[in-house]
Amino acid sequence: MIFSIGIACLVLGALGGMTGFLRATQYDIVKIRLDRVARFSAEQASRGGVLRWATNPKRAQKLAMLGYVSSQADSIFMTARASAMTGVGIAWFFFLQLSFDIGGVAQGVVIALSLGIAIDRVLDWRVNVVRQEIAKHIPDALDLMVVCVSSGQNLEATFNTVGQEMKSISPSLSREWLVTSTEMAVLDSPQVALTNLDARLALPEINNMIATMSQALKFGAPMAEALKLIASDSRQYHMLELEEWVGKIPAKMSFPLVVFIMLPVVVIIVAPMVLSIFQTIGQL
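Below is the structure:
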């Protein structure tokens, strides 16, 4: 009996030792992997230090809106911008065969700075185009969100589903919705992800949507009803914008009307009289 108990204790001890060894091995493997990830992140952060620029949050946000979400997107953009400015300035200098004096150097610098300003304006124009595209398709996205919420999906799954479905219609809106879904999965509160979405886009439609959804989350109101209300208000807002645009058409048509219609009519009426006066004066 004592011998059997001893054998059982030895077996249990061996099993316990093997279990502890396996757990320690797994812990060491996880630690090694984490160390590798940390070293890789440090290498990526330190790589390209010569080309690293001071990060501008507003410019980084604009590039992210265009789809360039890398942490080095701002540095790459500034490097490409500086290279283009330098190359165009030098090409202008040698193409016109300018003399290497104050006037020639100043002319090349002015051309380079003009190119840099033009690049910034093009970036702002592209961001405005993306914002208008997102604002145009927000009512459709809200209708899809109503269907998803009514079917029982939570807010994170709703943003993910709508983002996947809107890829072929509006890639920019799809990207923003998927980013919001990822933030909801990582962050503690979905309201923080909604606030980040509002800060990234800075659109009145998004602001109204975020305010209504935040109130629904805070007070426990039905999310489907809140989304239906947001979709209806958004469509009414777009109808008002369309009516305003249509109302401005007569004022915009006045200049072409005067230049291309009224002026030729006046010339046709007055020209015979002027020619008759010239003929009468010539006969005197």
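Letter by letter, the sequence shown follows residues 1 to 284 of full-length UniProt numbering.
Beta carbons are placed, not taken as given, at the ideal position from N, Cα and C, and that holds for glycine.
Computed from a predicted model, the values in this text were never measured in an experiment.
Check your understanding: Can you tell which of M239, L201, D233 and L229 has its C-alpha closest to the C-alpha of N128?
Key -> L201
Review point. Alpha carbon to alpha carbon, what distance is there between V146 and L51?
Key: With a pLDDT of 49 at L51, under the threshold of 50, the modelled position of this residue cannot be trusted, and the question is left open.
Point to revise | Nonlocal neighbours in the same chain, by C-beta distance under 6 Å from M85, ignoring five residues either side | key: A112, L115 and G116
Review point. So, is K58 buried or exposed, given that buried needs 16 or more other C-beta atoms within 10 angstroms?
Key: exposed
Exercise for review: Compute the Euclidean distance between the alpha carbons of E225 and A216, then round it to the nearest angstrom.
Suggested key: 9 Å
Review point. From M65 to L123, what does the alpha carbon distance come to, in whole angstroms?
Key: 11 Å
**Study point:** At least 3 beta-carbon pairs within less than 8 Å: the stretch 205 to 221 vs the stretch 184 to 196
**Key:** yes
Point to revise | Below-7 Å beta-carbon distance, R200 vs any chain C residue | key: No chain C appears in this structure, which consists of one protein chain only.
Check your understanding: Is there contact between the stretch 90 to 110 and the stretch 156 to 175, where contact requires at least three CB pairs shorter than 8 Å?
Key -> no
Review point. Leaving out the 5 sequence neighbours to the left and right, which residues in its chain are closer than 7 Å to R81 when beta-carbon positions are compared?
Key: G116 and I119
**Study point:** As assigned by DSSP and simplified to three states, the class of F40
**Key:** Confidence at F40 is low in this model, with a pLDDT of 48, below 50, so its placement is unreliable and no value can be given for it.
Check your understanding: Quick one: any contact between the stretch 225 to 241 and the stretch 258 to 277, if contact means 3 or more CB pairs under 8 Å?
Key -> no
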